[in-house]
Each structure stands twice: as C-alpha cells, then as structure tokens.
Amino acid sequence: MIGVVISGTGDVSNKHYKAITSTTHGKLLGVCSRDAKRAEEAAKKWHTKAYGFDEMLKDPEVDLVVICSSDDEHYRQSIKALEAGKNVIVEKPPALNLRELVHMVKLSKDKKVQLFPVHNYIFRPRILQVKQMLDKGEIGEVTYAFFSLIQRMPEERAKRYHGAFLTQAYHQIYLSNFLLGLPEEITAMSSIITYKEVKMEELAVSMFKYKNGAVANIVINWCLNDLSTHSWLWLEKILGTKGVITVSALDDYSYHEDIPYLAAIVLGYPYSFINYQKHVIDDVLAEKKKPLISAYDAVIVLDMIDKLKNCANKGKVIKYKPPSLEELIKQYKLG
Ligand SMILES: NC(=O)c1ccc[n+]([C@@H]2O[C@H](COP(=O)([O-])OP(=O)(O)OC[C@H]3O[C@@H](n4cnc5c(N)ncnc54)[C@H](OP(=O)(O)O)[C@@H]3O)[C@@H](O)[C@H]2O)c1
Numbered sequence: 218m219i220g221v222v223i224s225g226t227g228d229v230s231n232k233h234y235k236a237i238t239s240t241t242h243g244k245l246l247g248v249c250s251r252d253a254k255r256a257e258e259a260a261k262k263w264h265t266k267a268y269g270f271d272e273m274l275k276d277p278e279v280d281l282v283v284i285c286s287s288d289d290e291h292y293r294q295s296i297k298a299l300e301a302g303k304n305v306i307v308e309k310p311p312a313l314n315l316r317e318l319v320h321m322v323k324l325s326k327d328k329k330v331q332l333f334p335v336h337n338y339i340f341r342p343r344i345l346q347v348k349q350m351l352d353k354g355e356i357g358e359v360t361y362a363f364f365s366l367i368q369r370m371p372e373e374r375a376k377r378y379h380g381a382f383l384t385q386a387y388h389q390i391y392l393s394n395f396l397l398g399l400p401e402e403i404t405a406m407s408s409i410i411t412y413k414e415v416k417m418e419e420l421a422v423s424m425f426k427y428k429n430g431a432v433a434n435i436v437i438n439w440c441l442n443d444l445s446t447h448s449w450l451w452l453e454k455i456l457g458t459k460g461v462i463t464v465s466a467l468d469d470y471s472y473h474e475d476i477p478y479l480a481a482i483v484l485g486y487p488y489s490f491i492n493y494q495k496h497v498i499d500d501v502l503a504e505k506k507k508p509l510i511s512a513y514d515a516v517i518v519l520d521m522i523d524k525l526k527n528c529a530n531k532g533k534v535i536k537y538k539p540p541s542l543e544e545l546i547k548q549y550k551l552g
C-alpha cells in the first residue's frame, strides 16, 4: 500500500483525487490546505482526513505527497516533503525557476526518494498510442509536428499564473520531447495582445528543429477559444514521410464538469491524470518499474523555457544542448 496525501484543494486536486482512487495500490490518507477550513471541507468531500502540512510530514504512513497547491507554493512544499523523506508528485510548473527545481532534484537524490513532475499530457490514452506508432515507424520519418492550445485565459485568472510559456507551453514542450526527442535548435516569439495589467505573454509561439531536419511548432494562444470546425483548441499533428497523425481534443469533446477552462472538458483529460497516477503509484512506487518520466525531464523543460523566453522576439535561433544535472548543481552552488 502506498499512503498518499494531497496538498491543495483546487480544481486539479480534485482530478488527482479521482485518479488516486483509481489506482490499485494507492490509499488516500488525507488532504492538506493552507486554510484549515478548506482542508476540512475537502476531507469531508473525499472521505479522508484533514492534515496540517507539517503534521502530515511526521506521519510515517505517508509515502507520497501530491502537491497541487498554487504555483508559488510548489518549491517550498516540495522541499519540506523531500526533507521529510517523502516521495513527491509536483504539479506544473514544478518550480518558478530552474535553480529551485535543481535544488528539489538534488534533494530527492540526497534523500533517496523520488520526485515526479506532473507530465500528464503524455498519459492521455491517444498520446500513449501515438508514441507506440512513432516508435514502430508507422508514419515513416517525422518531417513536421504541430502542437497547439488555443483557449481564452481570462486576465483575472492569468494573474495567478506565470505566462503562456511556463503555464501552458510547459506541457507541450515535455510532450514534444517525449514524442520526438530533444531539438537541436530552438527559437520563439511572444506577445501581449489583450491583457491590460498582466505583463506576461498571452501568445507564445516556439519553433524547434531536430537532427534529421524536421521542424515543430508549439502555438499557445490565450486570446480566444477556438471552437471552429477544424479546431486548434488542443491539437497535435505529426507529419511523417509515410503518414500523418492528428489528435484533436475536440474529437472527444463531451466531458461535462464545472471547470473554469475549456480544454479540461475533453475526454482524454481526466484519463491523463488517471493513467499518470496509475503509472506513478502502481507501476513505479509499488511494482518498482522504470518510470516513463523523470525530474530531469522537468529540468530540461524549464531550461528550454528560459532559453525560449530569452530569445523571444530577438530573431535569435539558439543551438540547444541540455545541461547535465551535475553542471547545474555546480552553476547554482548547490553542491
Ligand atoms: N497538470 C495539469 O493539467 C494542470 C491543469 C491546471 C492547473 N495545473 C496546476 O495545478 C496547480 C493547481 O491549479 P488549480 O487549477 O487547482 O488552481 P486553483 O483551483 O486556483 O487552486 C490552487 C490552490 O488555491 C487554493 N484554493 C482553493 N480554493 C481556494 C479559494 N476559494 N480561495 C483561495 N485559495 C483557494 C488551494 O490551495 P490550498 O488549499 O493549499 O490553499 C488550491 O490548491 C497549479 O500549479 C496549476 O498550474 C495543472
């Protein structure tokens, strides 16, 4: 049995709650919140116990802390949980900067516990199928790929987040890395078009080039919802020399739940959390299988985002070489 506690009581905590209860080996032991009343309410709803965060860390029954709190809490809560010897699942972005994330990864290694970033888009049923098709060469050699998320992010909500690169392109970057491998060259452009107060990008377009010459685009546009017939709302398209794969979220646009953003109501979305939790809890923690994702994957994503933001709108194309963890530990004087 893997004893699990959820930290946070928002929309995504609820997705993880449902996913944890779908696992074979996970047992939800409780929920933490920065607000005792919210913890009590969530505990009642999920038939579990309300904990204070520090009290929860002292409980030897807790093996895994699932951090679904707001972005600016991820680092602080992860460090505390890792210090206490707990395995950690941390929502995206796992930290607000690369230094914080490298600190978290190093601590997990020092404490011999596991740190799993929530790279749930990989675990959508169709994406797992696409990965198998690509690995078998079913569409030949990849020549071009397109990843988009076109949904309105109201300015009030965007104030709680950290721009289209870190909040949204984060997902598409780990997804493209998973499906296509790492690019050799990267560049980007970004804009603020409708926001009046938020100073972070609401449009972020990245372009990657791979070793064989293939190119990919990642298009994040928070200015509107694309509900047109051939929608780019949430689209993955991969062009090979022998075939094309298209995964459009609107193909299964029928899941109804009261969630404040459109992309969350597609059918593959809840399954991305269910398959993710089954993989981490059942396959990796309980059955000791090799994880499909690692904390270093998240390090690469944050490093790529830093570089994309640095070159955005400057007409610069950067040769991309992923830094090793050892280099980063040295660079940030964490050794
Ligand atoms: N993987 C994905 O697909 C995905 C999708 C969306 C978001 N996320 C990430 O998941 C994390 C949580 O996002 P979310 O959509 O669940 O955000 P949210 O609904 O705004 O909740 C965030 C946190 O705010 C606190 N909260 C809940 N209700 C509140 C209220 N009425 N007043 C004040 N605070 C309240 C809760 O933490 P406490 O109870 O501890 O205070 C909650 O965990 C974020 O880091 C986000 O980037 C991931």
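Per our numbering, the very first residue in the sequence shown carries number 218; after that it's consecutive. Backbone N, C-alpha and C fix where the C-beta goes; we use that ideal spot for every residue, glycine too.
For residue i: DSSP bridge partner residues
| i | result |
| --- | --- |
| Cys249 | Ser224, Tyr268 |
| Phe340 | None, per the DSSP bridge assignment. |
| Ser286 | Ser286 is not bridged to any residue. |
| Trp263 | DSSP, once it has assigned bridges, lists no residue as partnering Trp263. |
| Thr238 | Note: Thr238 sits in no beta bridge, so no partner. |
| Ile517 | BP columns for Ile517 are empty, so no partner. |
| Asn438 | Ile367, Leu420 |
| Glu402 | Lys426, Lys536 |
| Ser408 | Leu420 |
| Ala362 | Ala433, Ile455 |
| Val305 | Val282, Leu332 |
Beta-carbon proximity of residue i to residue j, cut-off 8 Å
| i | j | result |
| --- | --- | --- |
| Ala236 | Phe490 | yes |
| Ile437 | Gly243 | no |
| Trp439 | Ala375 | yes |
| Leu502 | Asn304 | yes |
| Ile403 | Lys505 | no |
| His388 | Asp288 | no |
| Ala267 | His291 | no |
| Glu372 | Glu418 | no |
| Ser393 | Ile435 | yes |
Cβ neighbours of residue i in the same chain (closer than 6 Å, five flanking residues each side left out)
| i | result |
| --- | --- |
| Asn337 | Ser489, Phe490, Tyr493 |
| Val222 | Leu246, Gly247, Met273, Val279, Val282 |
| Asp443 | Ile367, Trp449, Leu450 |
| Ser325 | Leu299, Leu332 |
Three-way DSSP call (helix, strand, coil) for residue i in this model
| i | result |
| --- | --- |
| Gly243 | strand |
| Val347 | helix |
| Ala433 | strand |
| Val422 | strand |
| Pro334 | strand |
| Glu300 | helix |
| Ile367 | strand |
| Gly457 | strand |
| Leu452 | strand |
| Val464 | strand |
| Ile219 | strand |
| Gly354 | coil |
| Ala256 | helix |
| Glu504 | coil |
Spatial neighbours of residue i in its chain, beta-carbon cut-off 7 Å, leaving aside the 5 residues before and after
| i | result |
| --- | --- |
| Ile356 | Met350, Ile455, Gly457, Lys459, Gly460, Val461, Ile462 |
| Lys526 | Phe382 |
| Leu366 | Gln385, Gln389, Ile437, Trp451, Ala480 |
| Thr238 | Leu245 |
| Cys528 | Thr404, Ala405, Ile535 |
| Arg255 | Thr226 |
| Cys285 | Ile223, Ser224, Gly225, Gly227, Val229, Ser230, His233, Glu308 |
| Lys426 | Pro400, Glu401, Glu402, Val432 |
| Asn191 | Residue numbering for the chain in the displayed model covers 218 to 552; residue 191 lies beyond these limits and cannot be assessed. |
| Asp520 | Leu315, Pro539, Pro540 |
Candidates the options, of which the one nearest residue i by Cα
| i | options | result |
| --- | --- | --- |
| Ser407 | Val415, Glu414, Ala421 | Ala421 |
| Ala301 | Arg316, Gly532, Leu332 | Leu332 |
| Thr360 | Asp228, His496, Lys428 | Lys428 |
| Thr271 | Lys262, Ser295, Gln385, Thr238 | Here the sequence assigns Asp to residue 271, which means Thr is not the residue at that position. When each option's Cα is compared against that of Asp271, the closest is Ser295. |
| Phe364 | Leu396, Pro334, Glu373, Leu345 | Leu396 |
| Lys329 | Arg369, Ser224, Lys533, Ala298 | Ala298 |
| Tyr486 | Asp276, Lys531, Asn231, Pro311 | Asn231 |
| Ile535 | Val518, Thr411, Glu401 | Glu401 |
| Thr241 | Glu257, Lys262, Met218, Arg251 | Met218 |
Neighbourhood of residue i by C-beta, 8 Å cutoff - its chain only, sequence neighbours within 5 removed
| i | result |
| --- | --- |
| Leu542 | Val319, Val322, Lys323, Tyr513, Val516 |
| Leu345 | Ile339, Asn492 |
| Lys275 | Ala301 |
| Arg343 | Val464, Gly485 |
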